[in-house]
Every structure is written in structure tokens, then in C-alpha cells.
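These notes concern the structure reproduced below.
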Amino acid sequence: MKRVYTKEEACIGCRLCEVHCLTEHSRSKNIIKAHKKEFPRALSRVFVEELRPVSFAVQCRHCDEPVCVEACITGAITKDESGKVVHDEEKCVGCWTCVLVCPHGAPRRDLERRKVAKCDLCPDRETPVCVEMCPNRALVYEER
Amino acid sequence: MSYVIIGNSVAAVGAIEAIRRIDKEMPITVISDEPYAVYSRPLISELLAGQVKEEMMGYRAPDFYERHGVEAKLGTRVVSIDPKKKTVKTEAGESIGYNKLLIATGGMPFVPPMKGLELGRVMTFIKMDDAKRIEEMLPELKHVVVIGAGLIGLKAAESLRHRGVKVTVVELANRVMATVLDVEAGKVIQDALENAGIDIITGDTVDEILGDTMGLVNGVKMKSGEALDCDAVIVAIGVVPNAAFAKASGVNVNRGIITDDHMMTNLPDVYAAGDVTEGLDYLSGDNRVMPIWPNAYIQGKIAGFNMAGEDREFTGGLAVNSIELFGVPVVTAGMSNVDSDDLEVLKKSEGDTYRKIVLRDNKVVGVVLVGNIDRAGLVTGLIRERIDISEMRERLLADDFGYIDFPVELRKERLGVAL
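As they're listed, the protein sequences go chains V and P. Count along the first sequence from 1, add 3, and you get the number used in the numbering used here. Count along the second sequence from 1, add 791, and you get the number used in the numbering used here.
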């Protein structure tokens, strides 16, 4: 399956991936409204780690044998037929078990909603928005 | 002929999902004494708290059994196994043949002998019906005593508090969550509970449950001699493997059912998984009972693969616990609270946050995070993958510990592939 991969040599640490991820997962999908007018604010599912001069983006790796799926106590996280690791927010109770077991530390805690937020590979788009908007192609969406 | 699974919780689901990855044909029969389709047991506290509705308790979609070719015999209790005839017998006298059998009957509450256990409103708290029973008597409850300050006891206490009931938790150890937390971490959690109005009594326990003339609980007498008035008692001391019928049928049982690295028991074609087992502990290398949700799924999965003919080894369970009490999250993994000369402890405490990493030979073997638990999984991953941390030792206690602190080659390897 296609996954998002990060290239730390190319990442400039601009965090545009975070901005556009947040917008994509907002109600309005409008960059200004999503950041200024929506409460609770959406949470970006990708985040940039940085210690100059190194930076790179991290998000759910959609593992082949996802520990989070095995550990989720409510059944909110499943692996679908395409291989995508899917999170059902309705079923999530914010127990943070996935936060504890994900070897990449990818699931984020949305404290406003008391739910986990994780990469869904942008189901409404051909290419995840973080990849599309990265100004230096530090994120790629490909099969490896 | 079919696969037969006794029990219908997470280990059973792990097995069903694994079997169907290999074998799409042979029927699977699931037998459970509970009347419900598979639901999330840890959620019963949220159900009681009124934060999750019963229709949201399902651990899998309503069509799960149908889609996986499973016949679910619910409300049916298995009383014995005949390993020679390869059948199981139900309480109603029905005999069901198996090709491969999985025992996944879970745990049951450990209730030590004490006076007054027979009284009305003495309860345990591990199943959906337990939560419903408490819900029904809620209007009558003003003060409940919970015996045991482990995960179950504390979640029960929190739920009742949310429903406006006064709660006293009684714990024999000198702190809450004593199995997984040290004194410092225990204090942060105890403060959060007390600030929320829960009374905690440590270093003491209930000696006798007292009743009124109607046969209902009206108080407890403590070992110290102190007495408390209350309308109900929840016994939450712990769980023990539900393995008596298996033992009587010839399955090797110590504290739990003894399984090998393929989740097989001593009987041919009979496997066991989940809280009923005494399986391999990843860190100690010994077999032990580890009643942990993710461990049960993984054991079930390994059993399922092997039952379906695909050789898979169980590499050992890792104890992981995540709990949030009154807004304070706490997570633990591995040897979070073990005293031993070969262990090195790094820790940091600031207000309501606590961070502790336990090392052995430059590898992480235990972790406790209280308050800020973000990216805890990175540390759990270090434990599970036995990664040498020499190059990141100084950063392990940092609140923003991340992949940035990993040696560059290791980081690229991990981010470049799917695990």
C-alpha cells in the first residue's frame, strides 16, 4: 500500500504540513476559520520534530501488524481491507492505550474532545494534503 | 468439525480474526456464558459513569460473527472438555465436537474469604452485568466502600463519584495502584482522587462486612478496628484465571493455564489465551498470569494462527496499563515498579507530572508517565524492541523526547518502513 514517507534532508521545518492537516480535518476546511473560529479547534495529525538543523514530520505509519489495533480497548482502531489503519472517533473514549503502545508515538491526544487524533491518509483526497502542500517535497506518498 | 472457542472477549476475537486470515472455510463456534455479543469489558466503568451508552459497548461491529463465519452460542456455559473424544459439554448437556479448541474464559474476581460476603449489595466489577446491577441500585446508594485500589477499584470509584455517590477506597498496601506505581506516582494519583472527593484508606483492609436485619450491607469493620457505615461493598482486589473446569478436564493449570510458545496447552489440539493463561512474560522470561487487554488479543491471535495451521510463536507478553482518573492520565509499561540491584532508575517529578524510566544493561525495561503521557509509545517500543539507549540516555526524561533523539540510522530505518 501507499504510505507517507518523510525525507529529513529535504524538510525545512516550516510546519505547513501541520497547518494543512489541521485545516483538512476541520469542519470548515477553510484555513483561516479552522485556526481562528472553530472551537474546539481541529488537531493536526502530523507533527514536525525539530532540533536544528534537523527536522522531519511524523504521523501514523499504517503498520502491517499494528500494535494499536491489538491494544485498542473499544475496537475504535481497525485495519481496513486496503491496509489503512482507521480510527473511529465515535468509538474512541480517550483511554490513551494506543498512545502507550504505538512504537512511533504517532497518535496524538485531542484534549478538547478527549479523543485520539491520527492520520487517516485524507480519505477525501487522492494524495494526503501534507504531501501535496509540502513546499520542498519532504513528504512523499508512495509504495515501498 | 469446527474450531471451538470457549469465551467471547478480546482473546476470542484475536483468535477469530487470525483464523480467518488463514482459513476462510471451517466453521467457528464461540461459546460464552454471557448473553452479549463481544463487548469491551474495560468500558463498564464508562457505562456506569454514564459516559458510554450500552449500544456503544460493542468491541466489534454487529455483523462481526456473520462476516467471520462464526456461530455464537451465547448464554451457554461449558462444564467440561473430553480431550479423547474432542468434545466439550455444556451445562444443558449438549456435546459439541472440535477440531481445534481454544480456552479463552478470562479471569474472575478474586474474593478472599471474609464474614458478610453473602449479604445483599456485596459486588464485584468486571462484567457488563456488574455495571447494570450497580446502576439499578444507584438510587439507594449513598456511600460505597471499594476494597482494592487497583485499576478496577479506582475506575469503579471514579464512576460512582461521577454519579454523585460518596466513595471510600480501602487498600491494604501503603498506596494506590501499588502493583504498578511507586510511592511518588501513587501520591499524584491519590491526590487527584482525594481532590475529587474520594476517601482513601491505605494500610488497612476490611475484616468483616456488616449487614442489617434485611440482609443488606450497612457497614464494614476494618482490620484496625475502625468501622464505616455504607450501603454497598465492591470487592476489587484482583482477578484470577477462570480455569477450574479446564483443570478438572485434564488441562495443566498452575495459577493459570500453562501454555507453550504456541499458546498450546498440554492437551492435543487444545489452546488457551488471555487472562485464563499463565503465559510467557517478555521481560522476565518466566510464565506468569498477565491479565492485560492487549496481551489477551495478542495471545488469542497467536493461538488462532497456530490453530489454523500457520506456525506463529508467542514472544511474550508485556504488561501495559493506561488509565485516566479525574483528568490525570497515567501509563505504565514493563517493570515499572520492581526493586532490584541490576536496575537503574531515572526519574523526574514536577507538580502533577512524573516521569520514570527503568533501565537494565542500557535497555529500557520499564516506564511510568503521569500527567504528560504524550509519545509514551516511543518508550514502550524501546522496551519491546530491546533497543540500546546509550546514545539517547540523557534525553529519556525530557518531556519532548522524540524520534529526534534517536540515532539517525535507527530513526531512518523505523520511519522508512512499516512495522
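Glycine included, each C-beta is placed from N, C-alpha and C at the ideal position.
Contacts of residue i in chain P (Cβ-Cβ under 8 Å)
{"i": "residue 96/V", "result": "834, 837, 842, 843"}
{"i": "residue 8/V", "result": "1206, 1207"}
{"i": "residue 61/V", "result": "1193, 1194, 1206"}
Enclosing beta strand (DSSP E) for residue i [first to last residue]
{"i": "residue 1124/P", "result": "1119 to 1125"}
{"i": "residue 1140/P", "result": "1135 to 1141"}
{"i": "residue 991/P", "result": "990 to 993"}
{"i": "residue 961/P", "result": "957 to 962"}
{"i": "residue 974/P", "result": "Here residue 974/P belongs to no beta strand (DSSP E); instead the alpha helix (DSSP H) covers 974 to 986."}
{"i": "residue 1009/P", "result": "1008 to 1013"}
{"i": "residue 872/P", "result": "869 to 873"}
{"i": "residue 8/V", "result": "5 to 9"}
Proximity of residue i and residue j at Cβ, strictly below 8 Å
{"i": "residue 889/P", "j": "residue 1008/P", "result": "no"}
{"i": "residue 1172/P", "j": "residue 110/V", "result": "no"}
{"i": "residue 802/P", "j": "residue 1070/P", "result": "no"}
{"i": "residue 1049/P", "j": "residue 918/P", "result": "no"}
{"i": "residue 95/V", "j": "residue 74/V", "result": "no"}
{"i": "residue 991/P", "j": "residue 985/P", "result": "yes"}
{"i": "residue 1/V", "j": "residue 6/V", "result": "The requested residue 1/V does not occur in the structure, where chain V is confined to residues 4 to 147."}
{"i": "residue 120/V", "j": "residue 14/V", "result": "no"}
{"i": "residue 824/P", "j": "residue 878/P", "result": "no"}
{"i": "residue 1164/P", "j": "residue 1155/P", "result": "no"}
{"i": "residue 895/P", "j": "residue 798/P", "result": "yes"}
{"i": "residue 57/V", "j": "residue 72/V", "result": "no"}
{"i": "residue 951/P", "j": "residue 958/P", "result": "yes"}
{"i": "residue 43/V", "j": "residue 117/V", "result": "no"}
{"i": "residue 1095/P", "j": "residue 809/P", "result": "yes"}
{"i": "residue 1068/P", "j": "residue 1032/P", "result": "yes"}
{"i": "residue 1137/P", "j": "residue 1188/P", "result": "yes"}
{"i": "residue 1006/P", "j": "residue 911/P", "result": "yes"}
{"i": "residue 1145/P", "j": "residue 976/P", "result": "yes"}
{"i": "residue 8/V", "j": "residue 112/V", "result": "no"}
Interface residues of chain V facing residue i [CB-CB closer than 9 Å]
{"i": "residue 1175/P", "result": "70, 104, 106"}
{"i": "residue 1169/P", "result": "105, 106, 107, 108"}
{"i": "residue 1055/P", "result": "Neighbours of residue 1055/P on chain V: none; closest Cβ ~20 Å, over 9 Å."}
{"i": "residue 1172/P", "result": "70, 104, 105, 106, 107, 108"}
Sequence-distant residues of its chain with Cβ nearer than 8 Å to residue i (five each side left out)
{"i": "residue 980/P", "result": "945, 967, 968, 972, 1116, 1119, 1121, 1161"}
{"i": "residue 970/P", "result": "941, 1128"}
{"i": "residue 1089/P", "result": "805, 1105, 1108"}
{"i": "residue 16/V", "result": "51, 53, 55, 58"}
{"i": "residue 138/V", "result": "15, 17, 19"}
{"i": "residue 1018/P", "result": "1001, 1010, 1011, 1012"}
{"i": "residue 40/V", "result": "31"}
{"i": "residue 67/V", "result": "86"}
6 Å CB neighbourhood of residue i in its chain, flanking five on each side removed
{"i": "residue 891/P", "result": "794, 1060, 1098"}
{"i": "residue 1123/P", "result": "971, 1112, 1159"}
{"i": "residue 10/V", "result": "141"}
{"i": "residue 814/P", "result": "1099"}
Contacts of residue i in chain V (Cβ-Cβ under 7 Å)
{"i": "residue 1127/P", "result": "The contacting residues do not exist; residue 1127/P stays about 11 Å from chain V at best."}
{"i": "residue 868/P", "result": "Near residue 868/P there are no residues of chain V at all, since even the closest Cβ is about 25 Å away, more than 7 Å."}
{"i": "residue 1124/P", "result": "103"}
Contacting residues, own chain, Cβ-Cβ under 7 Å from residue i (five flanking each side not counted)
{"i": "residue 925/P", "result": "839, 914"}
{"i": "residue 1058/P", "result": "874, 1041, 1042"}
{"i": "residue 76/V", "result": "98, 100"}
Contacts that residue i makes with chain P (C-beta to C-beta distance below 7 Å)
{"i": "residue 54/V", "result": "1195"}
{"i": "residue 57/V", "result": "1195"}
Under 9 Å from the C-beta of residue i: neighbouring residues of chain P
{"i": "residue 112/V", "result": "1120, 1164, 1165"}
Chain V contact residues for residue i, given Cβ-Cβ distances below 8 Å
{"i": "residue 1088/P", "result": "73, 74"}
{"i": "residue 831/P", "result": "76, 77, 78"}
{"i": "residue 1113/P", "result": "98, 99, 100, 102, 103"}
{"i": "residue 851/P", "result": "78"}
{"i": "residue 1092/P", "result": "73"}
{"i": "residue 1002/P", "result": "Correct list: empty, because the minimum Cβ distance to chain V is about 36 Å."}
{"i": "residue 1085/P", "result": "70, 73, 74, 100, 104"}
The alpha helix (DSSP H) enclosing residue i, as first and last residue numbers
{"i": "residue 1147/P", "result": "Looking at the DSSP string, residue 1147/P is not in any alpha helix (DSSP H); the run it does join, the beta strand (DSSP E), is 1144 to 1151."}
{"i": "residue 1028/P", "result": "From DSSP, residue 1028/P is part of no alpha helix (DSSP H); its letter is neither H nor E."}
{"i": "residue 811/P", "result": "801 to 813"}
{"i": "residue 932/P", "result": "Per DSSP, residue 932/P belongs to no alpha helix (DSSP H) and is neither H nor E."}
Between the region 936 to 956 of chain P and the region 1021 to 1030 of chain P, can you find at least three pairs of beta-carbon atoms closer than 8 Å?
yes
Sufficient close CB pairs (3 or more, under 8 Å) joining the region 50 to 60 of chain V to the region 1183 to 1196 of chain P:
yes
Below 8 Å, can you find three or more Cβ-Cβ pairs linking the region 1104 to 1117 of chain P to the region 1080 to 1091 of chain P?
yes
The region 129 to 144 of chain V / the region 17 to 26 of chain V touching (three or more Cβ pairs under 8 Å):
The region 129 to 144 of chain V vs the region 17 to 26 of chain V: in contact.
Inter-stretch contact (C-beta, 8 Å, three-pair minimum) for the region 895 to 913 of chain P and the region 988 to 1000 of chain P:
yes
Could you run through the region 956 to 982 of chain P and flag, in chain order, every residue whose CB is less than 7 Å away from some CB of chain A?
Absent from the structure is chain A; the protein chains it does hold are V and P.
So, do the region 852 to 860 of chain P and the region 1038 to 1055 of chain P have three or more beta carbon pairs nearer to each other than 8 Å?
Output reads no: the region 1038 to 1055 of chain P does not touch the region 852 to 860 of chain P.
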